[in-house]
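What follows is one structure encoded as structure tokens, with my remarks underneath.
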Amino acid sequence: MRRGVRYGIDVGKARVGVARSDVDGLMAVPSETCSRGDALERLGTVALSTEILEWVVGLPRTLDDRETPSTTDARDFASALVATTGVPVRLVDERLSTVSAQASLHSASHTVKSSREVIDQVAATILLQTTLDAERAGTMLGEMLEVS
Numbered sequence: 001m002r003r004g005v006r007y008g009i010d011v012g013k014a015r016v017g018v019a020r021s022d023v024d025g026l027m028a029v030p031s032e033t034c035s036r037g038d039a040l041e042r043l044g045t046v047a048l049s050t051e052i053l054e055w056v057v058g059l060p061r062t063l064d065d066r067e068t069p070s071t072t073d074a075r076d077f078a079s080a081l082v083a084t085t086g087v088p089v090r091l092v093d094e095r096l097s098t099v100s101a102q103a104s105l106h107s108a109s110h111t112v113k114s115s116r117e118v119i120d121q122v123a124a125t126i127l128l129q130t131t132l133d134a135e136r137a138g139t140m141l142g143e144m145l146e147v148s
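Counted from 1, the sequence shown has number 64 at position 64 by full-length UniProt numbering; the numbering is strictly sequential.
This is how it looks when you write it as structure tokens:
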């Protein structure tokens with residue numbers, strides 16, 4: 001298992017959910033939710049204050065594995081994130097992460113309306129934890145965008 005802090009990013013139209021791992025890559029925890037308009041600047045600040053191994057950005061796809069306008073939007077955000085921070089991005093299939101986040105919060109008696117920002121963080125946490133678990137099992141998920 002590679003050592004280093006990873007950040008999970010759930011890109012939405014209005015908000016960006018952020019999760020963070022420990023340096024050993026064992027556990028992901030919710031970190032924050034930023035407005036979409038401020039996200040690159042905020043994540044740039046995070047990159048300056050933390051030694052980050054990589055960003056893990058959710059790549060939305062349909063259940064039958066097709067790309068959508070949201071997929072293109074996530075790829076564009078990931079490219080801008082690499083350019084802004086100089087930190088590589090791993091794009092990972094995020095199918096059902098937001099649905100799983102909503103289900104988790106609903107079972108804890110949270111309504112979707114009252115927990116929109118938390119849903120984004122929980123979706124980012126699920127995405128990052130899935131990626132950490134796969135790497136620990138010897139599988140590297142997703143595709144890399146490297147600093148050019």
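Ideal Cβ positions, reconstructed from N, Cα and C, are used throughout, including at glycine.
Since the model is a prediction, treat every value here as computed from it, not as a measurement.
- The residues Val23, Gly25, Glu51, Ile52, Leu53 and Glu54, in chain order, have a CB closer than 8 Å to that of Gly4 in the same chain once the five nearest residues on each side in sequence are set aside.
- At the C-beta level, Gly17 and Ala134 stay beyond 8 Å of one another.
- Separation of the CB atoms of Val46 and Leu128 is rounded to 14 Å, and the pair is thereby denied contact status at 8 Å.
- For Val89, the closest C-alpha among the options Lys13, Ala28 and Ser148 is that of Ser148.
- Taking the CA atoms as reference points, Asp120 sits about 20 Å from Ser79.
- Under DSSP, Glu143 takes part in a beta bridge, and its partners are Leu91.
- When the beta-carbon positions are compared, Ser35 and Ala19 stay at least 8 Å from each other.
- Rounded to whole angstroms, the separation of the alpha carbons of Arg116 and Thr131 is 23 Å.
- Here Gly86 is exposed: its Cβ has fewer than 16 other Cβ atoms, across all protein chains shown, within 10 Å.
- If only uninterrupted beta strand (DSSP E) runs of at least 3 residues are considered, those enclosed by the segment 16-72 are 28-35 and 52-59.
- Taking C-beta atoms under 8 Å as the contact rule, Leu91 and Leu40 fail to qualify, at a distance of about 16 Å.
- In this structure, the alpha-carbon of Asp64 lies about 22 Å from that of Asp76.
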